[in-house]
Ligand code: SAH
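Numbering (the working numbering), first residue to last: 650 to 1037.
Quick look at the structure:
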C-alpha cells in the first residue's frame, strides 16, 4: 500500500532542517483518511519529500519523524534501530544488567521507551504510532533477546494526549513480582508491574556511582525510593539515613539492603520537607545530603513554583550540612534548565549563609542519550556541591 502523505508548512519544514523530529499540528495539513498512528510520508508545500513520520490524530505533536530516507519503515527498520541502541549500551553500560535500551528520540525511535532489567523488558508506547507498532516491537525483542518476560507500563498520563488508554500488563512470557538485577555491582530487586516508573529509576545509575567519590561519615538520602543512592554509597559512610514517603518503596529498599548484606542504613517513612525542617530545628547534622525529588515542574506553567520548591528544599539541605560537607542535588524537571537550577541553589546558599562550590555538573546516565538538536531530551540535572 502506498504511504499516506501529509503536507508540512514552511515553519515545520525549517524545524525538520534544524534537526527537531516533532512537527506541531498547526504546521501540518492532513487529508481525510490518513489513519491515526500510521507512518506517513511528509512533504513540504512544494511536494518535496521531507521524510517519514509517525502521525498522531490527537496530540499537539502531529508528526514524529523517524527518518529522512525513503526506505520502508518495517520490521527490519525497527530491528536495526533497536540493534544500534543495544550496541551503544554495550559501550556505555558496565557493571549493570539493567539500563534504558531504547530512549525514545535519543535513539531515533520517538515515543518508544524500552528498559531492560536483565532477562526482562519493560516497554512504553507513548504515541498512537508506537502503540500501533507494539506487536512488531514485542516480536523483535523476543527474537533478539529471548527474554523471560516483557511488561508494558503504559499507565502514564501522557498517553491521554494521544487519546490512548492507560494500561499495564504482561505482553509476553512471565514476570515475577521481584526481578533482581545488578546495578553498579549491587543487587536490586524491582517490581516491574507495580513499581514507580518502569520499576526503577535507571537514569541515576551514573550519578549514584559518582556519589561514591564524595560520600562519607553520616549521610542523608532524601527521596530514596528503592534505596538507589543509599545503597550505592553505604560502603563509604558510617551510617546512612534514607527517607521516602512511600511505604512500598521502602519495602523494596529494605529488601535491597538485605540482598547486599548492607546493615548501616536506617530507612524512614516521612515527608522529606517535614523531616528536613524538623532535623534543622533539632540541630541534627550530616556530612552528605542527597536530594532527588520527583519532578516539581511537569508543565512550563509550574516553573515559578517549582523553582521556589527547589530553593526551599536545597536551603534546608544546606542548613543541616556540616562545613565541608557535600550536597548531591537533582532535578528531573525538563522545564527547569541547569541555569535555573543553579540560580535557585545559589539563592538558597545566600539565605543559608553558606559558601558553595560546584564540584560536578552531571546529567542523566549515557543510556538516556541527549540529542543535541532536541533540548527536550536533556531533563536530569545532578549537581555535586561542596558546602563550606
Ligand atoms: N533517588 C531514587 C529515585 C527517587 S524518585 C533513586 O535513585 O532511585 C522520587 C521518590 O520520592 C519516590 O520514591 C517518591 O515516593 C518519593 N517522594 C515523593 N514525594 C515525597 C516527599 N514529599 N517526601 C518523601 N518522599 C517523597
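Beta carbons: idealized from backbone N, C-alpha and C, even for Gly.
**Asked** Which one of 725, 760, 841 and 668 has the shortest CA to CA distance from residue 781?
**Response** Looking at 725, 760, 841 and 668, the one whose alpha-carbon comes closest to that of residue 781 is 760.
**Prompt:** Is residue 893 helix, strand or coil by DSSP?
**Reply:** The answer is strand: DSSP assigns residue 893 an E or B state.
**Message:** Would you say the beta carbon of residue 892 is closer than 7 Å to some non-hydrogen atom of the ligand SAH?
**Reply:** For the ligand SAH, at least one heavy atom lies less than 7 Å from the Cβ of residue 892.
**Message:** Considering only heavy atoms of the ligand SAH, does any lie closer than 7 Å to the CB of residue 670?
**Reply:** Not under cutoff, so the answer is no.
**Message:** Please tell me whether residue 775 and residue 807 are closer than 8 Å, where the distance is taken between their beta carbons.
**Reply:** Yes. Within cutoff.
**Item:** Beta-bridge partners of residue 752, as assigned by DSSP
**Value:** Residue 752 pairs with 762.
**Request:** For the alpha helix (DSSP H) containing residue 664, list its first residue and its last residue.
**Result:** Where residue 664 is concerned, the enclosing alpha helix (DSSP H) stretches over 659-666.
**Prompt:** Under the rule that 16 or more other beta-carbon atoms within 10 Å means buried, what is residue 953, buried or exposed?
**Reply:** For residue 953, the number of other beta carbons within 10 angstroms of its own is below 16, and it is reported as exposed.
**Prompt:** At what residue ranges does the stretch 830-878 contain a whole run of the beta strand (DSSP E), taking only runs of 3 or more?
**Reply:** Counting whole runs of 3 or more residues, the stretch 830-878 contains the beta strand (DSSP E) stretches 835-839 and 867-871.
**Prompt:** Is residue 960 helix, strand or coil by DSSP?
**Reply:** In this structure, residue 960 counts as helix in the three-state DSSP scheme.
**Message:** Is it buried or exposed, residue 998, if we count other Cβ atoms within 10 angstroms and call 16 or more buried?
**Reply:** Under this definition residue 998 is a buried residue.
**Proximity of residue 969 and residue 1003 at Cβ, strictly below 8 Å** = No.
**Asked** Would a C-beta distance cut-off of 8 Å place residue 845 and residue 865 closer than the cut-off?
**Response** No, the pair does not count as a contact, with Cβ atoms beyond the cut-off.
**Message:** Given the structure, does residue 662 come close to the ligand SAH, in the sense that its CB is under 7 Å from one of the ligand's heavy atoms?
**Reply:** Every heavy atom of the ligand SAH is 7 Å or more from the Cβ of residue 662, so no.
**Prompt:** Are the Cβ atoms of residue 665 and residue 726 separated by less than 8 Å?
**Reply:** Cβ atoms of residue 665 and residue 726: not closer than 8 Å.
**Message:** On a Cα-Cα basis, can you pick out the residue from 783, 754, 662 and 809 that is closest to residue 801?
**Reply:** Here the closest residue by C-alpha is 783.
**Item:** Beta-carbon proximity list for residue 936, same chain, < 7 Å, skipping 5 on both sides
**Value:** A distance below 7 Å between beta-carbons, with the five flanking residues on each side excluded, links residue 936 to the following residues of its chain, in chain order: 865, 866, 867, 868, 971 and 974.
**Request:** Give the single residue among 893, 719, 753 and 747 whose Cα lies nearest to the Cα of residue 733.
**Result:** Looking at the Cα atoms, 753 is the closest of the given residues.
**Request:** Report back the beta-carbon spacing between residue 916 and residue 899 to the nearest angstrom; my notes put them in contact at under 8 Å.
**Result:** The Cβ separation is near 5 Å, so the contact holds.
**Prompt:** Pairing CB atoms from the stretch 704-713 with CB atoms from the stretch 978-997, are three or more of them under 8 Å?
**Reply:** Contact between the stretch 704-713 and the stretch 978-997 is absent, because fewer than three Cβ pairs lie under 8 Å.
**Option in 673, 769, 695 and 704 with minimal Cα separation from residue 688** = Sorting 673, 769, 695 and 704 by C-alpha distance to the C-alpha of residue 688 places 704 at the top.
**Request:** Assign residue 1029 to one of two classes, buried (16 or more other C-beta atoms within 10 Å of its C-beta) or exposed (fewer than that).
**Result:** Result: buried.
**Asked** On the three-state DSSP scale, how would you describe residue 980?
**Response** Residue 980 falls in the strand class under three-state DSSP.
**Request:** Identify which residue in 794, 696 and 965 has its Cα closest to the Cα of residue 923.
**Result:** Looking at 794, 696 and 965, the one whose alpha-carbon comes closest to that of residue 923 is 965.
**Below-8 Å beta-carbon distance, residue 968 vs any chain B residue** = Among the chains of the structure shown, chain B does not appear; only one protein chain is present.
**Asked** Residue range of the beta strand (DSSP E) that residue 712 falls in?
**Response** Residue range 710-716 is occupied by the beta strand (DSSP E) that includes residue 712.
**Request:** Using alpha carbons as the reference points, say which of 960, 658, 681 and 895 lies closest to residue 674.
**Result:** Residue 674 has its Cα closest to that of 658, out of 960, 658, 681 and 895.
**Message:** If contacts are defined as beta-carbon pairs under 8 Å, then residue 1009 and residue 859 qualify, I think. What distance do you get, rounded to the angstrom?
**Reply:** The Cβ separation is near 6 Å, so the contact holds.
**Request:** Would you tell me roughly how many angstroms separate the C-alpha atoms of residue 843 and residue 662, rounded to the nearest one?
**Result:** Computed Cα separation, rounded: 42 Å.
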